[in-house]
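Read top to bottom, the protein sequences are chains A and B.
Under our numbering, the first residue of the first sequence carries the number 1, and numbering increases by one thereafter.
Under our numbering, the first residue of the second sequence carries the number 1, and numbering increases by one thereafter.
A virtual CB, placed ideally from N, CA and C, is assigned to each residue, including glycine.
Since the structure is predicted, the reported quantities are computational estimates derived from the model, not experimental observations.
Heads up, the thing below is written out as structure tokens.
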Amino acid sequence: MTEAKTVDGIEERVLEILAELGPERDELTHEASLEELEIDSLDLVEMAQVVEEEFEIEIDMAEMREREPRTIGDILAIVRSHGGG
Amino acid sequence: MVKKPKKGVGSPPGAALVTGGSRGIGAATARLLAADGWPVGVNYRADEDSARRVVAEIEEAGGRALPICADITDQAAVEAMFESVEAELGPALAVVNSAGARNDHQLSPMIDDEEWHRVIEINLSATFRVIRRALRGMIRARFGRIVTVTSTAGKFAHLGHADYATAKAGQIALTKTVAVEMARRNITVNAVAPGPVESDLTEDIDPRIIERTVPLRRMGTPHEVAACVRFLTSEDAAYITGSTLVVDGGYTAGISPSQ
């Protein structure tokens, strides 16, 4: 089994994953709106799956929905709150 | 990222997994998918001999297959099953839910909780667990083909089998919902609804009833149903999702002219 990556790299990895979904990497600023980037719940499910597989951090999707993330910064804050750095 | 097969070349992008693949429609499906070039995980719960026979037939014909023992009502077993496929055959990108079970004929007031839950678990909840796990790889691969073998019992009244009919109807609703949710990832999700088909679940049916009620006056064969499953996993079916293909000899199309 591949060892879990260190949480230091998690923020950059999350942004890499989100960039695969369409947005340009430099569009993914902390203030960038998920709606304007067209990042939706399916994209967040995919992001959470990769985070779980690579960093062995489980993102509680119910909590994600409750916190109603609107920006990239909100997403990163949620990931950090689950132990992601 | 896993590449999609080129049109006309027919090289599948990953592996196939067929639950209930040791017999009947599942076994027929496994053989046809293998003939299309898919390495196939042949899942079985208890009948290892039959599963190994299916695998041997596939290998004799030049294909690749692996028998995988798993009780799909057990979440841990489902996880282990997918890990086996991924380790030995590749990412599971064509998944066929063919495992099923039915209780004896009983009118609804006589079905007890244990019987009800057993049929719902094996036919519906297990299908959901397999689909949920399958989506993990398919979402990342941007490709997937999920086909569930439901039944005409899920569309019309099925006397004496309220539990089975409910589970089968649930599979149809699950198919539609997951199809719409996952379409953006190039994952198609469909169902095949057989009518009376030759199998161990139908061996007690009086042939005279079939002649009276099925316009084509016979039961279908596992191969005929499997051919429809195979079509739905193929490139030619890439624009079909959320649908249920009825394979029933005209059984549900209307009243048989012989009645």
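Rounded C-alpha distance that separates residue i from residue j
i: residue 48 of chain A; j: residue 74 of chain A; result: 14 Å
i: residue 185 of chain B; j: residue 64 of chain B; result: 27 Å
i: residue 217 of chain B; j: residue 226 of chain B; result: 20 Å
i: residue 61 of chain A; j: residue 84 of chain B; result: 27 Å
i: residue 76 of chain B; j: residue 30 of chain A; result: 38 Å
i: residue 1 of chain B; j: residue 53 of chain A; result: Its pLDDT being 33, under 50, residue 1 of chain B is placed unreliably by the model, and nothing is read from it.
i: residue 236 of chain B; j: residue 127 of chain B; result: 25 Å
i: residue 144 of chain B; j: residue 94 of chain B; result: 6 Å
i: residue 271 of chain B; j: residue 35 of chain A; result: Here chain B comprises residues numbered 1 to 259, so residue 271 of chain B is not present and cannot be evaluated.
i: residue 111 of chain B; j: residue 130 of chain B; result: 26 Å
i: residue 56 of chain B; j: residue 240 of chain B; result: 32 Å
i: residue 80 of chain A; j: residue 51 of chain B; result: 46 Å
i: residue 33 of chain A; j: residue 215 of chain B; result: 58 Å
i: residue 48 of chain B; j: residue 22 of chain A; result: 46 Å
i: residue 44 of chain B; j: residue 19 of chain B; result: 7 Å
i: residue 25 of chain A; j: residue 15 of chain A; result: 7 Å
i: residue 58 of chain B; j: residue 177 of chain B; result: 33 Å
i: residue 97 of chain B; j: residue 188 of chain B; result: 14 Å
i: residue 78 of chain A; j: residue 42 of chain A; result: 16 Å
i: residue 88 of chain B; j: residue 12 of chain B; result: 16 Å
i: residue 136 of chain B; j: residue 59 of chain A; result: 15 Å
i: residue 14 of chain B; j: residue 251 of chain B; result: 36 Å
i: residue 194 of chain B; j: residue 33 of chain B; result: 18 Å
i: residue 213 of chain B; j: residue 179 of chain B; result: 32 Å
i: residue 199 of chain B; j: residue 153 of chain B; result: 15 Å
i: residue 142 of chain B; j: residue 210 of chain B; result: 43 Å
i: residue 197 of chain B; j: residue 78 of chain B; result: 27 Å
i: residue 20 of chain A; j: residue 67 of chain A; result: 24 Å
i: residue 41 of chain B; j: residue 146 of chain B; result: 14 Å
i: residue 201 of chain B; j: residue 91 of chain B; result: 31 Å
i: residue 57 of chain A; j: residue 50 of chain A; result: 9 Å
i: residue 220 of chain B; j: residue 228 of chain B; result: 12 Å
Residue-chain proximity (residue i, chain B), Cβ-Cβ < 8 Å
i: residue 37 of chain A; result: no
i: residue 46 of chain A; result: yes
i: residue 76 of chain A; result: no
i: residue 42 of chain A; result: yes
i: residue 1 of chain A; result: Low per-residue confidence applies at residue 1 of chain A: pLDDT is 45, beneath 50, and the placement is therefore not dependable enough to give any value.
Residues bridged to residue i (per DSSP)
i: residue 44 of chain B; result: B/69
i: residue 16 of chain B; result: B/40, B/94
i: residue 162 of chain B; result: Residue 162 of chain B pairs with nothing; no bridge assigned.
i: residue 190 of chain B; result: B/147
i: residue 245 of chain B; result: B/192
i: residue 220 of chain B; result: B/197
i: residue 71 of chain A; result: A/33
Cβ of residue i within 8 Å of any chain A Cβ
i: residue 252 of chain B; result: no
i: residue 184 of chain B; result: yes
Buried or exposed (CB count within 10 angstroms, at least 16 for buried), residue i
i: residue 171 of chain B; result: buried
i: residue 207 of chain B; result: exposed
i: residue 17 of chain B; result: buried
i: residue 108 of chain B; result: exposed
i: residue 26 of chain B; result: buried
i: residue 205 of chain B; result: exposed
i: residue 283 of chain B; result: Missing from the structure shown is residue 283 of chain B; chain B here goes from 1 to 259 and no further.
i: residue 161 of chain B; result: buried
i: residue 46 of chain A; result: buried
i: residue 157 of chain B; result: exposed
i: residue 117 of chain B; result: exposed
i: residue 104 of chain B; result: exposed
i: residue 83 of chain A; result: exposed
i: residue 100 of chain B; result: buried
i: residue 18 of chain A; result: buried
- Interfacial residues, the stretch 116-140 of chain B to chain A, with Cβ spacing under 8 Å: 136, 139, 140
- Anything in the stretch 171-183 of chain B with a Cβ closer than 9 Å to a Cβ of chain A? List those residues in chain order, please. 181, 182
- Query: In chain order, what residues of the stretch 22-34 of chain A put their CB closer than 9 Å to some CB of chain B?
  - Reply: none
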